[in-house]
Structure formats: C-alpha cells, structure tokens
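Chemist:
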Amino acid sequence: MNKQPWKWSVEIEELANRHYVRVIEDGAVSIKGFRSQADAKAFANSERARLGLDTPLKK
Numbered sequence: 000m001n002k003q004p005w006k007w008s009v010e011i012e013e014l015a016n017r018h019y020v021r022v023i024e025d026g027a028v029s030i031k032g033f034r035s036q037a038d039a040k041a042f043a044n045s046e047r048a049r050l051g052l053d054t055p056l057k058k
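Set out below in structure tokens:
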C-alpha cells in the first residue's frame, strides 16, 4: 500500500538543543523529545518500521 506522506510520516527536527521526532499516523500527529540525536534516530527508525514506511527520514 502506498501511504500518503501527509497522513503517514516520521520526521526528526532539532530545536533548542533537543531532538524531536514527529510521527504522523493516519493524520494524527504525536511528538516526542530526546536529549541525543542517536536516541531520536533510533526511535524514528523503530517507528518507521512499525508503520511500514520505506522512504528516508525527513529532517
């Protein structure tokens, strides 16, 4: 199934020395903050696998 990016996405953003992962799942947005970029990337990759997304992470 080809998922529309505005409904299904995982993105990483840095703001004020924190790394945030934005997960968009069926149009619903959730955001989680991390102190390290490595932790944020690991979480983002696990969410991408859970959602079945095969496109690169958005930064």
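Numbering follows numbering that gives the first Met the number 0, with no gaps: position 38 of the sequence shown is 37. Quick reminder that beta carbons are idealized off the backbone N, C-alpha and C, glycines included.
Which term fits Ile23, buried or exposed, when burial requires 16 or more other beta carbons within 10 angstroms of its beta carbon?
Modeler: Ile23 is buried by the Cβ-count criterion.
Chemist: Ala43 to Asp53, Cα distance in whole Å?
Modeler: Those two C-alpha atoms are separated by around 12 Å.
Chemist: Identify the continuous beta strand (DSSP E) that holds Ser8 and give its terminal residues.
Modeler: Run containing Ser8: Trp7 to Leu14, per the beta strand (DSSP E) assignment.
Chemist: Can you tell me where the beta strand (DSSP E) holding Ser45 begins and where it ends?
Modeler: Taken as a continuous stretch (DSSP letters only), Ser45 belongs to no beta strand (DSSP E), being part of the alpha helix (DSSP H) at Gln36 to Leu50.
Chemist: In terms of residue numbering, what span does the beta strand (DSSP E) encompassing Gly32 cover?
Modeler: Run containing Gly32: Ala27 to Phe33, per the beta strand (DSSP E) assignment.
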